[in-house]
Each structure stands twice: as structure tokens, then as C-alpha cells.
């Protein structure tokens, strides 16, 4: 059973952070969801983590059902808004404020936010784990056809977004409904292989070079949206220490291909095993 913490960003947006696991734990995990995925979707993963004695906080990003900005035509924001408004609100208005030992885990977009926010000094975790987070550039795909498809996808999404005033991902099968600036930021990274975010003075690509905590980057055998090559390309942009990389084979999932979105419900224990095995080899710094 989750404990809900309501938070308010500086611009007045309301959303929630769900807490699972033992409240007296001296460390915690802060989980950042993927694009368009409500935090409630990860409940099986969080419950399995809590059963292992792990305290987990998961944020509902703006635009998702439990936030006050579900109307993405009326409200607009980009990646920098999530980093500079939603994450600080979660860190200061929940028990995370009193939890100095923190591991940040991000899925897909959440992993990109974990890295850039840490490099920019918004987050100060002991460790970072990114799950199926990779570069969106067309060269991240394997094969000429896949590369061509990737080159066409983000300009098409941007054109649709400009025409409609929002991105109808709920009808197109990717990312759910998104505001204009979120899609523009995604398209820009896909075109340039750099994080050049809207409405901010921070160079978040440069911030990637200042990620000091140990980083584990996971990719999945069978993931059709973020390839192992895409995760490797992102890893090459992170520093000063190169991240550790683990490609989770489908054998860990009973021989079934992993799905980019459904992995928290396919076999959360297998993924938690990988994360915990890595964490044991990267102990928290002695205070």
C-alpha cells in the first residue's frame, strides 16, 4: 500500500509522489517514470522492491492522471520544467528531504532526466540506474530501414504536434498525450544527439559530463524502442566516469523478449536482482 504525498511546483502545478516500503529505512530510491507512463503503472515493481526492504518514492510527472495539468493543449512544458520544477518540489516537500542516502532510478525518459538533473546539481544521489534510456538519434538504430524510420519519426511527431497543438500519443500508440515543448525537446535531441532544451539557460548536454556518482545503464533484449546501441551512445556522452552497462538477456525473463514499457510488470524481480547485484559492488560512500 502506497502513501501519497501531494506536492506543488513553483508554477502552481500539483502532482503526487507515492511512497512504498519501510519508513524507517536510512536510504531510499527515487524513481522517475518514462514518457507518458503514470507512476501507478509501476506498482508491481515498487511492491516487489518494498518486499525486499527497499524504500521507494515514485513521482507522477505533470500531464499524467493525478497531476493538475492533464490538459496538454492548455498547459505547455518541456524537459527542463520537469527537472527544474517538479524534481525540486518532490525533494523538498516529501520525506525525501530527510533522506540523505538516495539512489535515483529512471525508466526511459526518466533515466535521461536522472542523468541531466544530477549533472546540473538538482539531484545529489549516491548512485544512478537508468533502465532502457538511450539516445534518440537515428544512428542508434540497427540497419538502414530502422535508421530511416527513426529519421522520419520525430519530424513527423513534431509536425503533428504543431498542427494539433499537442501530441496525440494516446491515438498513435506512443508516449500518451504530450505538450508541444516536450515533443520539440525530443525532436531536437533526436536530430542533434545533444540535449538542447527549451526555456532554460542550463546546458544540459554539458551537464552530462559532470555526473559523478556511479551509473548503471540497463538495456533489454527484445526492446524495440531503445536498442542496446542507443544506450551505448548515451553512455558515451556521460562522464567523468563511463557508466557500467548491463544488457538484460531474455533468458532472465524465461526466454521471452523484454518489452520497453511492460518490463515492470513482466518480471520485476529479475530487474531488481540486476540492480541490487550492481549496488552491492558500488557501496555508498562513507559519511
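Numbering (full-length UniProt numbering), first residue to last: 1 to 287.
Beta carbons: idealized from backbone N, C-alpha and C, even for Gly.
Since the model is a prediction, treat every value here as computed from it, not as a measurement.
For residue i, count neighbouring C-beta atoms within 10 Å of its own C-beta (all shown protein chains included) and say buried if the count is 16 or more, exposed if not.
{"i": "residue 199", "result": "exposed"}
{"i": "residue 18", "result": "buried"}
{"i": "residue 23", "result": "exposed"}
{"i": "residue 145", "result": "exposed"}
{"i": "residue 161", "result": "buried"}
{"i": "residue 7", "result": "buried"}
{"i": "residue 176", "result": "buried"}
{"i": "residue 178", "result": "buried"}
{"i": "residue 171", "result": "exposed"}
{"i": "residue 185", "result": "buried"}
{"i": "residue 39", "result": "buried"}
{"i": "residue 51", "result": "exposed"}
{"i": "residue 281", "result": "exposed"}
{"i": "residue 256", "result": "exposed"}
{"i": "residue 94", "result": "buried"}
{"i": "residue 287", "result": "Because the pLDDT of residue 287 is 49, which lies under 50, any placement of that residue in the model is unreliable, and the question is left without a value."}
Using a Cβ-Cβ cutoff of less than 6 Å, which residues in the same chain neighbour residue i once the five nearest sequence positions on both sides are dropped?
{"i": "residue 68", "result": "13 and 14"}
{"i": "residue 136", "result": "189 and 190"}
{"i": "residue 117", "result": "83, 87 and 123"}
{"i": "residue 231", "result": "134, 217 and 219"}
{"i": "residue 209", "result": "239"}
{"i": "residue 16", "result": "4, 6, 60 and 66"}
{"i": "residue 119", "result": "207, 208, 210 and 211"}
{"i": "residue 283", "result": "none"}
{"i": "residue 105", "result": "29, 31 and 129"}
{"i": "residue 237", "result": "208"}
{"i": "residue 279", "result": "none"}
{"i": "residue 243", "result": "215, 217 and 235"}
{"i": "residue 299", "result": "Nothing about residue 299 can be read from this structure; the chain reaches only from 1 to 287."}
{"i": "residue 73", "result": "165 and 166"}
{"i": "residue 121", "result": "none"}
For residue i, list the residues DSSP reports as bridge partners.
{"i": "residue 216", "result": "129 and 244"}
{"i": "residue 251", "result": "None, per the DSSP bridge assignment."}
{"i": "residue 178", "result": "167"}
{"i": "residue 17", "result": "5 and 59"}
{"i": "residue 107", "result": "131"}
{"i": "residue 101", "result": "27"}
{"i": "residue 211", "result": "240"}
Near residue i, what residues of its chain come up, given a Cβ to Cβ distance below 7 Å and the 5 sequence neighbours on each side ignored?
{"i": "residue 155", "result": "187"}
{"i": "residue 42", "result": "31, 33, 58 and 264"}
{"i": "residue 183", "result": "157, 158, 161 and 167"}
{"i": "residue 224", "result": "260"}
{"i": "residue 169", "result": "36, 175, 176, 177 and 178"}
{"i": "residue 213", "result": "118, 125, 126, 127 and 128"}
{"i": "residue 197", "result": "78, 79, 80, 185 and 204"}
{"i": "residue 147", "result": "138, 139 and 141"}
{"i": "residue 54", "result": "21 and 29"}
Check each candidate in the options and name the one with the smallest Cα separation from residue i.
{"i": "residue 132", "options": "262, 9, 83 and 179", "result": "262"}
{"i": "residue 164", "options": "45, 180, 116 and 89", "result": "180"}
{"i": "residue 141", "options": "2, 196, 234 and 72", "result": "234"}
{"i": "residue 215", "options": "70, 25 and 241", "result": "241"}
{"i": "residue 110", "options": "95, 80 and 92", "result": "80"}
{"i": "residue 254", "options": "243, 170 and 268", "result": "268"}
{"i": "residue 75", "options": "138, 62 and 66", "result": "62"}
{"i": "residue 203", "options": "96, 228 and 115", "result": "115"}
{"i": "residue 251", "options": "266, 244 and 243", "result": "266"}
{"i": "residue 89", "options": "9, 278, 236 and 283", "result": "9"}
{"i": "residue 77", "options": "206, 152, 278 and 11", "result": "11"}
{"i": "residue 312", "options": "207, 280, 108 and 98", "result": "Past the edges of the chain, shown from 1 to 287, lies residue 312, and the structure says nothing about it."}
{"i": "residue 245", "options": "130, 92 and 97", "result": "130"}
{"i": "residue 139", "options": "40, 93 and 152", "result": "152"}
{"i": "residue 26", "options": "126, 48 and 38", "result": "126"}
{"i": "residue 276", "options": "2, 20, 49 and 256", "result": "49"}
{"i": "residue 192", "options": "173, 150 and 201", "result": "150"}
If you drop the 5 nearest sequence neighbours on each side, which residues of the same chain put their C-beta closer than 8 Å to that of residue i?
{"i": "residue 248", "result": "218, 219, 220, 221, 258, 270, 271 and 274"}
{"i": "residue 96", "result": "17, 28, 30, 57, 90 and 102"}
{"i": "residue 112", "result": "79, 106, 130, 133, 195 and 234"}
Along the chain, which unbroken stretches of the beta strand (DSSP E) at least 3 residues long are found entirely within the stretch 33 to 88? Counting only runs of 3 or more, we get 56 to 59.
In the stretch 252 to 286, which residue ranges form an unbroken alpha helix (DSSP H) of at least 4 residues, counting only runs that do not cross its ends? 263 to 266 and 268 to 281
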